[in-house]
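S.K.: A single structure is presented below for examination.
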Amino acid sequence: MGPDYNGSSIYKTTDGGKTWRQVVKGLPEAKYRGRIGIDLCRAKPNVIYAFIDNYKKYSELKNKTSDAYGRPSSGRIIGATVYRSDDGGGSWRQVSEIDDYTTRISGTYGWVFGQIRVDPINENKIYVMGLALNLSEDGGKTFKPLRGMHGDHHGLWIDPDNTDYLVNVNDGGLAISYDGGKNWRTFYNNIPLAQFFNVMYDMDEPFHIYGSIQDYGSRRGVVDLSRGRDRIPAVEFEGAPGGEGSSHAIDPTDPNVVYSAGFYGNITRTNLKTGERKNIVPKPPEGEPRYRGQWLAPFIISPHNPRIIYHGMNFLFRSLNRGDSWDRISPDLTYNDPGKMGDIPYQTIFTISESPLKFGLIYVGTDDGRAHVTKDGGLHWQEIVKGLPYRKWVSRIVASAYNEGTVYMSQNGKRDDDFAGYLWKSTDYGTTWQDITANLPCGPINVVREDPQNKNVLYVGTDLGVYVSINGGKKWYTLAGNFPTTFVHDLVIHPRDNIMVAATHGRGMWALDVEPIQQLNAEILAKDAHLFVIPPVTLRRSRFSRATGAGARISFFLKQAQKLKLEIFDEANQKVKTLNVNADAGYNTTTWDLTSTVKAAKKKTTGRGRPNYVKPGKYHLKCKVGKTTLAGEIVVQEK
């Protein structure tokens with residue numbers, strides 16, 4: 001996008017994408033054009049609609065200095081506007097009226113939505129998505145909201161063979177209508193579709209996880225390992241301090257003390273036991289402008305002293321007394337360019353990390369692509385972006401727990417339509433950087449973490465899932481398995497229990513036992529295949545002799561991806577089960593559900609219609625991988 005903003009436009013090709021030309025006659029001036037959504041009518045493809053976020057201001061807000069989220073309100077923009085072309089984009093005319101209802105379609109949040117759909121048969125029936133799902137049956141002149149769903153709408157599918165059949169996705173999940181939107185069936189509690197922003201753990205036993213969810217505030221829940229590390233039950237989440245845009249930090253010495261930061265820099269300290277709650281946001285001296293804070297304002301507890309906390313806005317703040325008072329320990333660490341200020345606070349600190357090996361060695365990364373380090377607790381700062389892509393959002397910066405000078409950083413360019421992955425490692429405090437993306441697939445990287453037990457193991461969360469490196473970033477392996485291909489916005493590894501929890505934006509939270517990964521060493525990596533020790537599994541039976549349980553977890557490492565046949569034998573060497581697995585290169589895991597393929601008639605452990613579970617005892621697994629034979633023991637216990 002150039003300085004004249006012509007990049008925010010509509011383009012048309014008539015030769016299959018070889019050449020493109022702008023089609024903007026009748027649209028707002030380029031400098032006012034924000035996000036644009038387009039769609040056409042299949043029955044009349046020359047009829048095209050554009051849903052434009054118009055940044056021209058049409059009125060000033062009176063007697064109001066901030067909106068519901070505490071953002072400055074300097075003036076209201078026109079926002080959601082619908083344009084129509086009847087000649088394939090040759091010319092456009094505005095069809096939606098500017099009234100109080102239309103401005104509420106997306107308000108100042110047009111950059112969030114920007115979706116429009118046209119009925120495949122009726123060119124005058126259109127849907128636009130915003131805070132509500134809105135329907136017009138007169139070509140965009142008037143709109144009415146469709147009721148019965150959660151708010152904040154991002155997608156709509158219209159069945160071309162039955163246009164009354166609609167599938168909608170919103171911040172609550174999935175909704176379906178069979179009567180053109182008059183009635184909706186929602187699936188908010190049936191399918192795990194929570195949009196988590198982040199995840200953090202406490203040191204309680206069993207430990208809790210905390211996270212904030214789009215439109216559902218902050219939640220916490222217990223990770224129950226009592227049934228085994230491979231059979232973690234679904235977490236029952238309850239309300240937690242904070243809102244939908246909160247990051248969390250929990251006092252490692254007292255799990256009742258919870259800090260929640262978010263909503264553009266607000267921060268609160270809560271005692272879960274006493275109910276005491278205190279707002280501890282740093283405030284600027286009188287006469288200075290308000291501080292700028294991220295929607296997901298970063299906040300950490302010092303690994304050296306739980307009473308010392310750090311909070312990032314456009315400055316870095318430190319408190320020595322749990323937030324009762326603050327010291328500003330940095331200059332403005334962003335570019336602080338007035339021409340780059342947007343509709344929401346921008347040019348803010350997004351990630352903070354203090355070295356576990358040295359107090360006062362602190363790294364900070366910003367959303368406008370700057371990164372700094374201080375080695376003396378904020379007295380002196382040094383910028384550390386030499387050789388890195390210019391102005392790429394610093395999505396995570398992590399000081400190593402194994403080497404004082406080592407630091408990792410991920411950058412993210414998807415907000416500028418750059419979907420490459422940027423991942424860096426420095427061994428000299430950020431003076432120079434080494435690219436460690438290696439064989440990672442092309443896709444934005446949101447988070448990088450060190451393993452707390454094995455210095456060679458790294459994890460990254462991307463827009464495509466979770467990946468692991470077992471040699472410091474030289475090569476990466478997918479941790480797919482049954483994990484969905486989805487946005488991973490954050491992940492943590494509990495340092496005591498060695499359980500990874502990944503927070504996805506759209507598929508909830510997922511947990512993985514990483515102890516087998518932590519066992520990987522040079523000897524194992526040199527093999528074509530390696531089978532890890534299989535944990536004992538308990539066969540639980542109800543009073544009706546029906547066995548329950550997830551089964552035996554089988555973990556193995558492969559140098560090459562291939563199809564495997566895992567054969568399981570009982571103590572009499574009779575084959576009871578064969579598992580066929582399409583295995584990836586790297587770490588894999590699969591599950592034997594403890595059922596047998598031996599005919600039930602030969603066994604007395606099951607009844608009619610019940611699964612054919614094996615008896616308690618010792619079982620042996622064998623698998624041929626090239627010239628290597630993997631062998632392991634599975635102990636089935638009965639409770």
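If you're matching positions, the sequence shown starts at 1 in the working numbering and goes up one per residue. We treat Cβ as the ideally placed atom computed from N, Cα and C, and that holds for glycine.
What three-state label does DSSP hand isoleucine 517 in the structure shown?
M.R.: Translated into positions along the sequence shown, residue 517 becomes position 517. Isoleucine 517: helix per DSSP, three-state reduction.
S.K.: Pick out the complete beta strand (DSSP E) segments inside the stretch 152 to 199, 3 residues or longer, and give them in chain order.
M.R.: Counting whole runs of 3 or more residues, the stretch 152 to 199 contains the beta strand (DSSP E) stretches 153 to 158, 166 to 170 and 173 to 177.
S.K.: Which of helix, strand or coil does DSSP assign to arginine 391?
M.R.: Numbered from 1 along the sequence shown, position 391 holds the residue referred to as residue 391. Of the three classes helix, strand and coil, the one that applies to arginine 391 here is coil, per DSSP.
S.K.: Candidates Val636, Gly180, Ala631 and His620: which alpha carbon is nearest aspartate 613's?
M.R.: Your numbering for residue 613 matches position 613 in the sequence shown. The sequence as given places tyrosine at residue 613; aspartate does not occur at that position. Nearest of Val636, Gly180, Ala631 and His620 to tyrosine 613, Cα basis: Val636.
S.K.: Could you tell me which of Val118, Arg147, Gly465 and Gly151 sits nearest to serine 136, measuring between CA atoms?
M.R.: One-based indexing of the sequence shown puts residue 136 at position 136. Selected option, being the one with the closest Cα: Val118.
S.K.: Label lysine 62 either buried or exposed according to how many other C-beta atoms from any shown protein chain fall within 10 Å of its C-beta, with 16 as the threshold for buried.
M.R.: In the sequence shown, residue 62 corresponds to position 62, counting from 1. Low local confidence applies: a pLDDT of 45 at lysine 62 is under 50, so the model's placement there is unreliable, and no value is given.
S.K.: Within 10 Å of its beta-carbon, does valine 623 have 16 or more other beta-carbons around it, so buried, or fewer, so exposed?
M.R.: On the sequence shown, position 623 is the one that residue 623 refers to. The sequence shown places cysteine at residue 623, rather than the valine named in the question. Classification of cysteine 623: buried, given that the 10 Å Cβ count is 16 or more.
S.K.: For the stretch 226 to 234 against the stretch 172 to 189, do three or more pairs of beta-carbon atoms, one drawn from each stretch, fall closer than 8 Å, so that the two count as touching?
M.R.: No: the two stretches stay apart, fewer than three of their Cβ pairs being nearer than 8 Å.
S.K.: Should alanine 561 be labelled buried (16 or more other beta-carbon atoms within 10 Å of its own) or exposed?
M.R.: Start at 1 with the first residue of the sequence shown, and residue 561 comes out as number 561. Under this definition alanine 561 is an exposed residue.
S.K.: Using the DSSP secondary-structure output, state which residues sit across from glutamine 574 in a beta bridge.
M.R.: Taking the sequence shown and counting its residues from 1, one reaches residue 574 at position 574. Looking at the DSSP assignment, glutamine 574 forms no beta bridge with any residue, so it has no partner.
S.K.: Which term fits lysine 64, buried or exposed, when burial requires 16 or more other beta carbons within 10 angstroms of its beta carbon?
M.R.: Taking the first residue of the sequence shown as 1, we reach residue 64 at position 64. At lysine 64, the pLDDT of 49 sits below 50, so the modelled position is not reliable; the number obtained from the coordinates is stated separately. Exposed: under 16 other Cβ atoms inside 10 Å.
S.K.: Between which two residues does the alpha helix (DSSP H) carrying alanine 522 extend?
M.R.: The residue labelled residue 522 in the question sits at position 522 within the sequence shown. Residues 522 to 525.
S.K.: When you compare only the Cα positions, how much space is there between isoleucine 524 and glycine 465?
M.R.: Position 524 of the sequence shown, counting from 1, holds the residue named residue 524. Position 465 of the sequence shown, counting from 1, holds the residue named residue 465. Near 25 Å, if we compare the C-alpha coordinates of glycine 465 and isoleucine 524.
S.K.: Assuming glycine 430 and isoleucine 384 are in contact, meaning their beta carbons sit under 8 Å apart, how far apart are those beta carbons, in whole angstroms?
M.R.: Counted from its first residue, the sequence shown places residue 430 at position 430. Counted from its first residue, the sequence shown places residue 384 at position 384. The pair is a contact, with the Cβ atoms about 3 Å apart (cut-off 8 Å).
S.K.: For aspartate 15, is the classification buried or exposed, using 16 other Cβ atoms within 10 angstroms of its Cβ as the cut-off for buried?
M.R.: Sequence index remark: in the sequence shown, residue 15 carries index 15 (1-based). Exposed, because fewer than 16 other Cβ atoms sit within 10 Å of the Cβ of aspartate 15.
S.K.: Contact defined as beta carbons within less than 8 Å: I believe proline 303 pairs with tyrosine 291. What is the distance between those atoms, to the nearest angstrom?
M.R.: Reading the sequence shown from its first residue, position 303 is the one you call residue 303. Reading the sequence shown from its first residue, position 291 is the one you call residue 291. Wrong, their Cβ atoms sit about 25 Å apart, outside the cutoff.
S.K.: Take proline 441 as the anchor and find which of Trp433, Thr274, Phe419 and Asp451 has the nearest alpha-carbon.
M.R.: As a working mapping, residue 441 is identified with position 441 in the sequence shown. That would be Phe419, whose Cα lies nearest to the Cα of proline 441.
S.K.: Spatial neighbours of glutamate 515 within its chain, please: C-beta separation below 6 Å, excluding the five flanking residues on both sides.
M.R.: As a working mapping, residue 515 is identified with position 515 in the sequence shown. Correct list, in chain order: Asn498.
S.K.: By alpha-carbon positions, which one of Leu333, Pro298 and Ile309 ends up nearest to phenylalanine 315?
M.R.: As a working note, residue 315 is residue 315 in the sequence shown. Considering only alpha carbons, the answer is Leu333.
S.K.: How many Å lie between valine 398 and isoleucine 158 at the Cα?
M.R.: Taking the sequence shown and counting its residues from 1, the one referred to as residue 398 is at position 398. Taking the sequence shown and counting its residues from 1, the one referred to as residue 158 is at position 158. Straight-line Cα distance between these residues: approximately 45 Å.
S.K.: Is there a Cβ of chain D sitting closer than 8 Å to that of proline 484, yes or no?
M.R.: Considering every chain present, this structure includes no chain D. It has just one protein chain.
S.K.: Can you have a look at alanine 631 and say buried or exposed, based on whether 16 or more other CB atoms are within 10 angstroms of its CB?
M.R.: The count along the sequence shown starts at 1 and reaches residue 631 at position 631. It counts as exposed.
S.K.: For aspartate 463, which residues of its own chain have a beta-carbon under 6 Å away from its beta-carbon, when the five flanking residues on both sides are left out?
M.R.: Within the sequence shown, the letter at position 463 stands for residue 463. Excluding sequence neighbours, aspartate 463 sits near Gly443, Pro444 and Phe487.
S.K.: So is tryptophan 20 buried or exposed if we call it buried at 16+ other beta carbons inside 10 Å?
M.R.: Reading the sequence shown from its first residue, position 20 is the one you call residue 20. Exposed, by the Cβ-count rule.
S.K.: For the beta strand (DSSP E) that contains cysteine 623, what are its first and last residues?
M.R.: Here residue 623 is taken as the residue at index 623 of the sequence shown, counted from 1. Cysteine 623 -> beta strand (DSSP E) spans 617 to 625.
S.K.: Within its chain, find whatever has a CB closer than 7 Å to the CB of glycine 506; leave out the 5 residues flanking it on each side and keep chain order.
M.R.: Here the question's residue 506 lines up with position 506 in the sequence shown. Within the same chain, glycine 506 has close Cβ partners Leu193, Gln195, Thr486 and Phe487.
S.K.: Express the C-alpha separation of glutamate 276 and valine 581 in angstroms, rounding to a whole number.
M.R.: Translated into the one-based positions of the sequence shown, residue 581 becomes position 581. Translated into the one-based positions of the sequence shown, residue 276 becomes position 276. Roughly 52 Å between the two C-alpha positions.
S.K.: Could you check what DSSP says for proline 536 in three-state terms: helix, strand or coil?
M.R.: Indexing the sequence shown from 1 puts residue 536 at position 536. In this structure, proline 536 counts as coil in the three-state DSSP scheme.
S.K.: State buried or exposed for phenylalanine 556, treating a residue as buried only when at least 16 other CB atoms are found within 10 Å of its CB.
M.R.: Looking up residue 556 in the sequence shown gives position 556. Classification for phenylalanine 556: buried.
S.K.: Could you spell out the range, first to last residue, of the beta strand (DSSP E) harbouring proline 145?
M.R.: Position 145 of the sequence shown, counted from the first residue, corresponds to residue 145. Unbroken beta strand (DSSP E) run through proline 145: 144 to 146.
S.K.: Would you list the residues sitting across from glutamine 562 in a DSSP beta bridge?
M.R.: Taking the first residue of the sequence shown as position 1, residue 562 is located at position 562. In the DSSP output, where bridge partners are listed per residue, glutamine 562 has Ala583.
S.K.: In the structure shown, what three-state DSSP assignment does glycine 421 receive?
M.R.: Indexing the sequence shown from 1 puts residue 421 at position 421. DSSP places glycine 421 in strand when its eight states are reduced to three.
S.K.: Would you kindly report the start and end of the unbroken beta strand (DSSP E) that includes alanine 234?
M.R.: Here residue 234 is taken as the residue at index 234 of the sequence shown, counted from 1. From DSSP, alanine 234 is part of no beta strand (DSSP E); its letter is neither H nor E.
S.K.: Label lysine 144 either buried or exposed according to how many other C-beta atoms from any shown protein chain fall within 10 Å of its C-beta, with 16 as the threshold for buried.
M.R.: Translated into the one-based positions of the sequence shown, residue 144 becomes position 144. So lysine 144 counts as exposed.
S.K.: So what does DSSP say about glycine 360, is it helix, strand or coil?
M.R.: Translated into the one-based positions of the sequence shown, residue 360 becomes position 360. It is coil, neither helix nor strand.
S.K.: At the level of alpha carbons, what is the spacing between phenylalanine 359 and glutamate 286?
M.R.: Within the sequence shown, the letter at position 359 stands for residue 359. Within the sequence shown, the letter at position 286 stands for residue 286. Rounded to the nearest angstrom, the two C-alpha atoms are 31 Å apart.
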